């Protein structure tokens, strides 16, 4: 074994009170009063106040202090002192200080209000601010929690392809030339591959980017977003919903338990998250339509729920809810016909509370070869492209169900963020391809 | 809390000896001798022998047995019996049996040799075979180990964008129309974004698909492959290599500890993996060239190492090795000039033993604004596209280093697989876009 990471980070300092340490970071705040000066620095793991007393540092260090600007990178040496008033409970009494890299005076992100387009143009710097750091730490926690949840339950992660062959004229597909094979299309979902994998491995999930070339400019749409798509052999729609609620409740608990400081940084009302206890209510689509009509919505039986309908519906609940068994024409061709009402399919959308809307779409899959083929023909999809998918129903078909969770929408809800563009490191939207 | 997954899987049976259980799966082998018959079934979590005694099952079950074919899906009920001769140490004495979905007699994957193109055309079924299941379980273990390694060490996972704006004419880019923004390109790396994120969060890693539109047909190339790219603020090239060897040794140990059965299924010599102890040897590029010339290679100082050179070089070692500090012209523009020999850069390739070749490329990054700008101009890259990347050197530049690990190449080495096309669920190659 080689030595552990020898670099000391701000997050390590609470364990080093009384020690002299050297560490590096960037300036976020400066103030001085005569012979004593304060540097607040960050290194990505935390924030640290450094105290510079003129008589305790070399002259070069005192002179270096005078040159510091916002986001100058520097190396400091000093004694770690307990101070309950400081973030992390420590501060550093400097014995030396050196500039690593100066920062030009026109650093774009200043301590004032900036417009959202300006911030997105400078996303590489915007990510350094406390709110964005908190959101990204929560995103990281949720991602690890997703992997832990499935790993501990014996699911196999399956990385489905991004580049896929033609599957018929569908809206919102990005395409690219693929050697002599014609066009390839960027996957909107890994589900079809996930179904094949469920037959091979029993319980699987995907975790990857998906793409929608849609001209949507809402606060809930990205052209590139991350999706998690579990698929389970022999699960029916009921087992599917039980898995979904256990999964989402697990993610929320994990964020609350391990990222409480970041949630508080965001001003999130943690009690509202703690209310997300299972089981989540099941609302039949038909009942949802009646409730919405009573609340003044123009929705008619057969329509999909719009964002406004979703917000109206969830206002009566403190937990996420399921809306179940939508009309066939509102949903995708692969969903299993509901034997109790063949106008509908065995599916569910999970809607988050507080108006956050759909975070999951799930369904039992059509496992009858002939019914699936009929649906493919009804939709005018090319049978040839789906032959391998139909194969799964021709050789040992099986009851199975799965769902897709949108990562950024889930992070936005847990963070209480009004816009998913701050819930992914470098968002991609209709007019946003940089940086 | 709702109920746990109520479905019993083959992997659960060792804890249920003596119990009567019902479970589902697919037929892999059948044999019978008069009044007793055997069904070997799989459900993705394991393989189970079911014993059918004619006098102990209903007549419908005995008749159902006669209809079974390869990959028929079925539901069985029976008593779990300990039997040390069986996989998992148990077998099932059936009391009932029902077909869920018949399987047509022309099931493509038969118990005989198939050509690789045929197998790839039927990847959705090929994945069900024992060797492929073992590889995918090992891949899953390595993926989880990667997340655990970084999570436990305080790294933040950062999902960098796949769709990126033009960064100059480079070979091997897939492109797609992006609304009114011109073309977008599929990322070959997340590194540049990773560097921005390292300045925000200190220690980060990426984990996602990357793309190369290269007309390579070797056993080591895919057009779509998964890459893990850590980036660490204030790490120099030496700390970077220590992180790499600790990381790779951790992945190998984890596979050996938790997936020994699968490695044995593949016929892997586990002792060769156990030899991968840190520290890994560091070989200077110049010394590597001399060694290769002495072994008969035509390589000249200045050339990159080809696959054959890599294989020649590693034959003297039982562990992975580093080849360090390549000539500038053989490597990318962002690598930091070596102060001890400015003809070279502070970089390393990690080569796996047994001829597996490069699994990691890493470097300290050029942190000098003017030197980086000069390199961008030398390469004829568009300065404007790199302005945000140059910004990182203009406002508080910092020593930093990182690397990229190719997931499929690492899985191939650990599995002892001769071809990475079986180390990803649905491989994409020059002539392979389906299924």
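Protein chains in written order, with this note's numbering: chain A, 12 to 446; chain B, 12 to 446.
We put the beta carbon where it would ideally sit given N, CA and C, even for glycine.
For clarity, every value in this text was computed on a predicted model and none was experimentally measured.
- The beta strand (DSSP E) runs lying completely inside the segment 276-303 of chain B and spanning 3 residues or more are 293-295, given in chain order.
- Taking all protein chains in view, the Cβ of residue 25 (chain B) is surrounded by fewer than 16 other Cβ atoms within 10 Å, so the residue is classified as exposed.
- Judged by DSSP secondary structure, residue 389 (chain A) falls within the alpha helix (DSSP H) whose first and last residues are 380-389.
- At a Cβ-Cβ threshold of 8 Å, residue 277 (chain A) and residue 266 (chain A) do not count as neighbours.
- Residue environment analysis places residue 64 (chain B) among the exposed positions, since fewer than 16 neighbouring C-beta atoms fall within 10 angstroms of its C-beta.
- The beta carbon of residue 185 (chain A) sits closer than 6 Å to the beta carbons of 197, 222 and 224 from its chain, once the five residues preceding and following it are set aside; these are given in chain order.
- Closer than 8 Å to the CB of residue 151 (chain A) there is at least one CB belonging to chain B.
- A residue is called buried when at least 16 other Cβ atoms come within 10 angstroms of its Cβ; residue 412 (chain B) meets this threshold and is buried.
- When 7 Å is used as the limit between beta carbons, residue 437 (chain A) is near these residues of chain B: 171, 172 and 204, in chain order.
- Three or more Cβ pairs closer than 8 Å define a contact, and the segment 156-170 of chain B falls short of that threshold against the segment 422-431 of chain B.
- Contact of residue 187 (chain A) with chain B is assigned, a C-beta pair being separated by under 8 Å.
- A direct Cα-Cα distance of roughly 14 Å separates residue 241 (chain B) from residue 359 (chain B).
- For residue 312 (chain A), no beta strand (DSSP E) segment is defined, and its DSSP state is neither H nor E.
- At a cut-off of 8 Å between C-beta atoms, residue 405 (chain B) counts as an interface residue with respect to chain A.
- The contact set of residue 162 (chain B) on chain A, defined by CB atoms closer than 7 Å, consists of 155 in chain order.
- Counting only the Cα atoms, residue 96 (chain A) lies some 52 Å from residue 248 (chain A).
- In terms of Cβ geometry, residue 27 (chain A) and residue 91 (chain A) form a close pair [threshold 8 Å].
- Closest option to residue 19 (chain B), judged by alpha-carbon separation, among B:45, B:62, B:83 and B:103: B:103.
- Counted as a single uninterrupted DSSP element, the beta strand (DSSP E) harbouring residue 196 (chain B) occupies residues 194-197.
- Around the CB of residue 100 (chain B), fewer than 16 other CB atoms lie within 10 Å, so the residue is classed as exposed.
- Between residue 200 (chain B) and residue 415 (chain B), the C-beta gap is smaller than 8 Å, which places the two residues in contact.
- Using a Cβ-Cβ cut-off of 8 Å, residue 244 (chain A) is close to 35, 54 and 55 of chain B, given in chain order.
- Neighbours of residue 158 (chain A) in chain B, taken as residues whose beta carbon is under 7 Å from its own, are 155 and 158 in chain order.
- Within the segment 40-80 of chain B, the runs of beta strand (DSSP E) at least 3 residues long that lie entirely inside it are, in chain order, 47-53 and 58-64.
- In terms of beta-carbon proximity, residue 147 (chain A) lines the interface with chain B, with at least one pair separated by less than 8 Å.
- By the Cβ criterion, the segment 436-446 of chain A is in contact with the segment 133-143 of chain A, since at least three pairs of Cβ atoms, one from each stretch, lie closer than 8 Å.
- Within its own chain, the residues whose Cβ lies closer than 6 Å to the Cβ of residue 84 (chain B), once the five positions on either side in sequence are excluded, are 37, 111 and 112, listed in chain order.
- For residue 317 (chain A), no alpha helix (DSSP H) run applies, since DSSP gives it neither H nor E.
- Excluding the 5 residues flanking it on each side, residue 87 (chain B) has same chain C-beta neighbours closer than 6 Å at 61, 105 and 108, in chain order.
- If you draw a straight line from the Cα of residue 131 (chain B) to the Cα of residue 154 (chain A), it comes to about 31 Å.
- With a threshold of 8 Å between beta carbons, residue 314 (chain A) makes no contact with chain B.
- A direct Cα-Cα distance of roughly 39 Å separates residue 174 (chain B) from residue 407 (chain A).
- For the pair residue 318 (chain B) and residue 368 (chain B), the Cα-to-Cα distance works out to about 7 Å.
- At least 8 Å separates the CB of residue 286 (chain A) from every CB of chain B.
- The C-alpha of residue 121 (chain B) lies about 10 Å from the C-alpha of residue 39 (chain B).
- For the segment 357-377 of chain A, the set of residues with a beta-carbon nearer than 8 Å to any beta-carbon of chain B is empty.
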